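Below: one structure, written as structure tokens.
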Amino acid sequence: MARLLPLHIPLSPSSLTRLLWLVWLGVSPGCYIWNVETRIEVVEAQMARLAQAEAKRCTPETFAELAAAIEAAKQKLAQEGRFRAAPELHRSERLSREVEMRLRACQETDHDGDGIPDFLDGAPDAPEDFDDFSDEDGIPDPDNDNDGIPDASDRCPTLPEDADLFADEDGCPDPDNDNDGIPDTEDADPDRAEDRDLFHDEDGIPDPDNDNDGIPDTEDLAPNTPETFNGYADEDGLPDAAPRRFSIRRPRMIEIRNPIVFAPGKAELLPESFATLDEIAAILERFPNLRLEIIGYTDNRGDPKRNLRLSRKRAQRVKEYLRLEGISEGRLTATGKGAADPIAPNDTEEGRARNRRIEFRIR
Numbered sequence: 106m107a108r109l110l111p112l113h114i115p116l117s118p119s120s121l122t123r124l125l126w127l128v129w130l131g132v133s134p135g136c137y138i139w140n141v142e143t144r145i146e147v148v149e150a151q152m153a154r155l156a157q158a159e160a161k162r163c164t165p166e167t168f169a170e171l172a173a174a175i176e177a178a179k180q181k182l183a184q185e186g187r188f189r190a191a192p193e194l195h196r197s198e199r200l201s202r203e204v205e206m207r208l209r210a211c212q213e214t215d216h217d218g219d220g221i222p223d224f225l226d227g228a229p230d231a232p233e234d235f236d237d238f239s240d241e242d243g244i245p246d247p248d249n250d251n252d253g254i255p256d257a258s259d260r261c262p263t264l265p266e267d268a269d270l271f272a273d274e275d276g277c278p279d280p281d282n283d284n285d286g287i288p289d290t291e292d293a294d295p296d297r298a299e300d301r302d303l304f305h306d307e308d309g310i311p312d313p314d315n316d317n318d319g320i321p322d323t324e325d326l327a328p329n330t331p332e333t334f335n336g337y338a339d340e341d342g343l344p345d346a347a348p349r350r351f352s353i354r355r356p357r358m359i360e361i362r363n364p365i366v367f368a369p370g371k372a373e374l375l376p377e378s379f380a381t382l383d384e385i386a387a388i389l390e391r392f393p394n395l396r397l398e399i400i401g402y403t404d405n406r407g408d409p410k411r412n413l414r415l416s417r418k419r420a421q422r423v424k425e426y427l428r429l430e431g432i433s434e435g436r437l438t439a440t441g442k443g444a445a446d447p448i449a450p451n452d453t454e455e456g457r458a459r460n461r462r463i464e465f466r467i468r
């Protein structure tokens, strides 16, 4: 069998210097040379773990040195080889251990005892209030929504009060004060609910009297059309023309629908006649050139002379009423004809009632 001869590798002065340097570091030269890449990867992973633990905030300068040392080691390895990268690798490993020690010290320091280390605590001397609002910053938030109402009194601590002089003390914003479905920003009357009657419902203003006729919609039979106020059924809110109490059918005669009524056997007007006489007065005011002859009649019962006198008195009483309504006396004449010119048979009560009448003749 052939005997193995010792292998002699001549070393240059520079190679010898590197070898001695490695021995001085206490590292096996062969192991160190062939594991530089792996060790750089390990220290990089350690730096990533430290960064995740917020080591950069704990010791920013040392962490920056660590990152620079790792980057320098990688550049040396790529450009000059393993031996040149070794010093920077060794420095980065030392800095990694130093950062880890400092991080441990930071994590154990918590002056306010809120469980958040001081280096991560925005208010290290004031404990976090842990109300599920920004609890990670270590700063207590007595008024989460910054609306000026302390959370202890605020029913909506994460929603700022809108401060619109409506229930502002509860801390809850009220985007629709009157709950009418119209946002206050679009509601012309935000404190009174819209009445939703299909009349200007979009403006947010309740309209209790849509047609402004003074009759509330709840009592108005035509809430969107104003009452005419003509003295006829004015309280129902319906616009309506009053039925005329008279007509002009025969030439130069005003025919009244409701008779002028007097007390039996007297010239005293009864109240149910006033409305008809008021309308006749209104016509005379509207047509100032119109002149009337007022003619009184009776039925055929009783003394003819007495009936004639009664008919004249009744006609005169109607004339006086119209004068009191402002019609000048010169436009009116009063005549009585007693039982003359009957318009119905006098042998029935109904016929006699029709014959007891006042006629208005246009002169």
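Every number in the numbering used here is 105 more than the matching position in the sequence shown, counting from 1.
Virtual Cβ for every residue (Gly too), placed ideally from N, Cα, C.
All figures in this text were calculated on a predicted structure; none of them were measured in a lab.
What residue does the beta strand (DSSP E) around residue i start on, and which one ends it?
i, result
"PHE465", "463-467"
"LEU437", "437-441"
"GLU360", "358-361"
When DSSP labels each residue in this structure, what does residue i get in the three-state scheme?
i, result
"THR381", "helix"
"THR143", "helix"
"LEU130", "Low confidence applies here, because LEU130 scores a pLDDT of 47, under 50, leaving its location unreliable; read the following figure in that light. Helix at LEU130."
"LEU397", "strand"
"LEU413", "helix"
"LEU375", "coil"
"SER367", "Note that residue 367 is Phe in the sequence shown here, rather than Ser. Of the three classes helix, strand and coil, the one that applies to PHE367 here is strand, per DSSP."
"SER310", "For the sequence presented, residue 310 should be read as Ile rather than Ser. If DSSP states are grouped into helix, strand and coil, ILE310 belongs with coil."
"GLU425", "helix"
"LEU155", "helix"
"CYS211", "helix"
"ASP275", "helix"
"ASP322", "helix"
"SER201", "helix"
"PHE188", "helix"
"HIS305", "coil"
"PHE168", "helix"
"ASP90", "The requested residue 90 does not occur in the structure, where the chain is confined to residues 106 to 468."
"ASP341", "helix"
"GLU149", "helix"
"ILE287", "coil"
"ALA420", "helix"
"ARG391", "helix"
"ALA177", "helix"
"HIS216", "coil"
"PHE224", "helix"
"ILE448", "coil"
"ARG196", "helix"
"ALA386", "helix"
"ASP298", "Before going further, note that residue 298 is Ala rather than Asp in the sequence given. Looking at ALA298 - three-state DSSP - the assignment turns out to be coil, as it is neither helix nor strand."
"GLU430", "coil"
Over the uninterrupted alpha helix (DSSP H) stretch that includes residue i, give me the two end residues.
i, result
"GLU266", "That residue, GLU266, is in no alpha helix (DSSP H); it is neither H nor E in DSSP."
"ALA160", "160-163"
"GLY456", "454-460"
"PHE235", "PHE235 -> no alpha helix (DSSP H), and no H or E assigned at all."
Let me confirm a value: residue i is counted as buried when at least 16 other C-beta atoms fall within 10 Å, else exposed. Which label applies?
i, result
"GLU146", "exposed"
"PHE188", "buried"
"PRO262", "buried"
"LYS371", "exposed"
"SER133", "Note that SER133 scores 49 on pLDDT, short of 50, meaning its location in the model is unreliable; the coordinates nonetheless yield the value given after this. With fewer than 16 Cβ atoms within 10 Å of its Cβ, SER133 is classed as exposed."
"PRO247", "exposed"
"GLY131", "The predicted position of GLY131 is uncertain, since its pLDDT is 48 and thus under 50; no value can be drawn from it."
"SER258", "exposed"
"ALA190", "buried"
"ASP452", "exposed"
"ALA338", "exposed"
"ILE114", "Any reading at ILE114 must be qualified, since the residue scores a pLDDT of 32, below 50, and its modelled position is unreliable; the value itself is stated next. ILE114 is exposed by the Cβ-count criterion."
"ALA380", "exposed"
"PRO255", "exposed"
"ILE287", "buried"
"SER119", "For SER119, the predicted structure reports a pLDDT of 45, less than 50, and the residue's modelled location is therefore unreliable. A value from the coordinates is still provided. Answer is exposed; the Cβ neighbour count stays below 16."
"ASN412", "buried"
"ASP219", "buried"
Within 6 Å: the Cβ of residue i and any heavy atom of the ligand SAM?
i, result
"ASP404", "Absence of the ligand SAM from the depicted structure is noted, as is the absence of any ligand whatsoever, leaving it without description."
If you measure from the beta carbon of residue i to each beta carbon in chain B, is any gap under 7 Å?
i, result
"GLU434", "Looking at the structure shown, chain B is missing, and only one protein chain is on hand."
How about the stretch 185-197 and the stretch 210-229: do they share at least three Cβ pairs that are nearer than 8 Å?
-> no
Is there contact between the stretch 442-453 and the stretch 390-409, where contact requires at least three CB pairs shorter than 8 Å?
-> yes
Stretch-stretch touch, CB-based, cutoff 8 Å, three pairs: the stretch 378-392 with the stretch 420-434 | yes
Contact between the stretch 218-234 and the stretch 170-187: three or more CB pairs below 8 Å?
-> no
Kindly confirm or deny that the stretch 414-426 and the stretch 435-443 touch, where touching means at least three C-beta pairs closer than 8 Å.
-> yes
How do the stretch 170-179 and the stretch 219-227 stand: do at least 3 beta-carbon pairs fall below 8 Å, yes or no?
-> no
Should the stretch 310-321 be regarded as contacting the stretch 329-345, the criterion being three or more beta carbon pairs within less than 8 Å?
-> yes
Cβ pair count under 8 Å reaching 3, the stretch 454-464 against the stretch 358-372 | yes
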